[in-house]
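What follows is a short report on a single structure.
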Amino acid sequence: MSGGLLVAGTTSDAGKSVVTAGICRWLVRRGVKVAPFKAQNMSLNSFVTREGAEIGRAQAMQAQAARVEPTALMNPVLLKPGSDRSSQVVLMGKPVGEMSARGYHGGRQEALLGTVTDCLEELRSTYDAVICEGAGSPAEINLRRTDIVNMGIARAARFPVLVVGDIDRGGVFASFFGTTALLSAEDQALVAGYLVNKFRGDVSLLEPGLDMLYGLTGRRTYGVLPYAHGLGIDEEDGLRVSLRGAVRESVVAPPHGEDVLRVAVCAVPLMSNFTDVDALAAEPGVVVRFVDRAEELADADLVIVPGTRGTVKALAWLRERGLAEALVRRAAEGRPVLGICGGFQVLGERIEDEVESRAGVVDGLGLLPVRIRFDRDKTLARPVGSALGEPVEGYEIHHGVADVRGGESFLDGCRVGAVWGTHWHGSLESDAFRRRFLVEVARAAGRRFVPAPDTSFGVLREEQLDRLGDLVEEHADTDALWRLIEGGAPAGLPFVPPGAPPLGAGAPESRGAAPDPAPQSPEGLGFAGSAGSRGQGLELAGSAEATPQELELARSAEATPQEVGEATVVHVDQEAK
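In the working numbering, the protein residues as written are 910 to 1486.
As structure tokens, then:
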């Protein structure tokens, strides 16, 4: 059995994903065979593994930090929001239906604990160490009963917990203390200590506070990581994470040629895989920004319509804001536009959707000779091909099936003039293709921009991951951290009152109450659509013929649409907000 650690956070976006990646990179450089793990993720930023499984991009990035191939074991449950009321549930890399927040937290989430612990145990049997990432905060007192990603998985695996706090937000001491004090005695026994993230200034000024925190909680601080600009590492969701870290906080390198190239990305609703444009932002002289107004397209040399989990909704949003008209005008003027996945679908002639939005037939922008029909089966693939005379790799995650009726072939999509469309995510990470594409864009835009001949996105990503490993190695007590991973939480950690509040009659997590045995996957309960033997423990009333909305009604009979309003929806991983 291997050692392990759960990296929890005082808040969403405290830095759990990057700290987990940094610990993975530090360990693998020490010769430790390590794997990342996140039991349940909520994100529209996903990735396709080589076996064709969909997982969170953060776990794919962490696997890269650990220098191992990502697999579905590393993220067995992925929730992909489709609205304020429901998410698509992806189990062991395969979609199994839509579910409301109320339906998911009404016992179905808890039933998956056996599934996720099975995945964790399989990783532990293969690796020397498994570094788990929590979700949101472990002190989500309303969610503790059904928790499978924070203290639920820590308790099941007997893993020590390291709580990360973002000091740049302020209130880090109150957050550390409050997080600990809201946990039951059994959960507190696993909370080994704290890690301060994003510190600016003289650490000696912080040390008295850390000493006082130890006096209050009996728990030490394992390190103070400094604020690091421009890491540009994939996390869960939100533009603030990857792209703004790579572009807005770093100095844009001077152009290799005479001109810069300006890229505007339409910030469509339910945007997915916005990391597609990170490779463009890595190019010297390329400036990338997100926009939501038509006038912001005026000076753009390239406009990108990115992927989205709501194609029809994104199309309506583009029309409401005047962006659709601006895109049509750009195309008529021969100015470059690129659509990726849902953005590609938007640029077509017609969308037939009885699956995602159930809107029926909707007219697209008509910029590409493509008709889209949504299929209930999701395409998950890792295509390899060529475009513009250069090799390209990518990955596909979509329900829309494209019927291409003209134009030049382009990555299984098409091109008409200066308008390109493809379902391939990640294609711009192919260096030679990206440079050739930017040459085409610059020519169409009339810019004297020349791509740098030696930019390697893969090398830059490795450098970023090494920086994370350096942060851990240089600013954390790695000897103490290794003892924690290898030996578990220190014995005799004091209880910090008041502890977890009562959750009502029969709740297992009242103040200091002994927990019920961990629920296991009931035999014979599986997802229709068979996500594999591990897809047990959560029964969805679905079949290949049922629509997502019919699935939702079958699952959520206990909650009417009026009851499942914005006030009652719970985001399992608050980082998706």
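Virtual Cβ for every residue (Gly too), placed ideally from N, Cα, C. From a predicted model like this one, the values you see are computed outputs, not experimental measurements.
Distance check for cysteine 1175 and alanine 1209, CA to CA, integer angstroms please. 11 Å
In chain order, what residues of the same chain lie with their CB nearer than 7 Å to the CB of glycine 931, ignoring the 5 residues before and after it? Leu1377, Gly1378, Leu1380, Val1381
Residues near alanine 1233 by beta carbon distance below 8 Å, same chain, minus five either side: Leu1224, Leu1227, Leu1274
Helix or strand or just coil, what does DSSP make of threonine 1049? Residue identity check: residue 1049 is glutamate in the sequence provided, not threonine. Of the three classes helix, strand and coil, the one that applies to glutamate 1049 here is coil, per DSSP.
Jot down the residue ranges of each uninterrupted beta strand (DSSP E) in the segment 1229 to 1313, minimum 3 residues, whole runs only, in chain order. 1246 to 1249, 1259 to 1262, 1269 to 1272, 1279 to 1290, 1293 to 1296, 1299 to 1302, 1305 to 1313
Go ahead and label histidine 1334 buried or exposed: buried means 16 or more other beta carbons lie within 10 angstroms of its beta carbon, across all protein chains shown. buried
State buried or exposed for serine 926, treating a residue as buried only when at least 16 other CB atoms are found within 10 Å of its CB. buried
What are the partner residues of aspartate 1075, as DSSP defines its beta bridges? Asn1106
Please report how far the alpha carbon of threonine 920 lies from the alpha carbon of alanine 1063, in whole angstroms. 18 Å
Return the chain-ordered list of same chain residues with a C-beta closer than 6 Å to the C-beta of leucine 1206, the five sequence neighbours on each side being excluded. Ala1173, Val1212, Ala1235
Quick check on histidine 1138: buried or exposed, where buried means 16 or more other Cβ atoms within 10 Å of its Cβ? exposed
Should asparagine 1106 be labelled buried (16 or more other beta-carbon atoms within 10 Å of its own) or exposed? buried
In chain order, each alpha helix (DSSP H) run of at least 4 residues that lies wholly inside the segment 1162 to 1227: 1187 to 1190
In the DSSP assignment, the beta strand (DSSP E) including methionine 951 goes from what residue to what residue? 949 to 951
Nearest-angstrom Cα separation, counted from leucine 1071 out to histidine 1111: It should be noted that the sequence gives aspartate, not histidine, for residue 1111. Approximately 23 Å between the Cα atoms of the pair.
Using a Cβ-Cβ cut-off of 8 Å (strictly less than) and excluding sequence neighbours within five positions of proline 1178, which residues of its own chain qualify? Thr1217, Gly1219, Lys1222, Ala1223, Trp1226
Taking the C-alpha atoms as reference points, what is the distance between aspartate 1146 and arginine 1230? With a pLDDT of only 45 at aspartate 1146, under the threshold of 50, the placement of this residue in the model should not be trusted, and no figure is reported.
Cβ contact check for the segment 1239 to 1248 and the segment 1294 to 1308: 3 or more pairs under 8 Å: no
Leaving out the 5 sequence neighbours to the left and right, which residues in its chain are closer than 6 Å to leucine 1256 when beta-carbon positions are compared? Gly1248, Leu1274, Leu1276, Leu1277, Gly1330
CA-CA distance, alanine 1455 and threonine 980? At alanine 1455 the pLDDT is 36, less than 50, meaning the model places this residue with poor confidence; the figure from the coordinates comes in the next sentence. Going from the Cα of alanine 1455 to the Cα of threonine 980 covers about 29 Å.
Given that a residue counts as buried once 16 or more other Cβ atoms are within 10 Å of its Cβ, and exposed if not, what is aspartate 1340? buried
In three-state terms, what does DSSP make of glutamate 963? strand
Are there three or more Cβ pairs, one per stretch, closer than 8 Å when the segment 1362 to 1378 is compared with the segment 1285 to 1302? no
Check whether the segment 971 to 990 touches the segment 944 to 953, taking contact to mean three or more Cβ pairs, one atom from each stretch, closer than 8 Å. yes
For the alpha helix (DSSP H) holding glutamate 1042, just list the boundary residues, first then last. That residue, glutamate 1042, is in no alpha helix (DSSP H); its beta strand (DSSP E) goes 1038 to 1042.
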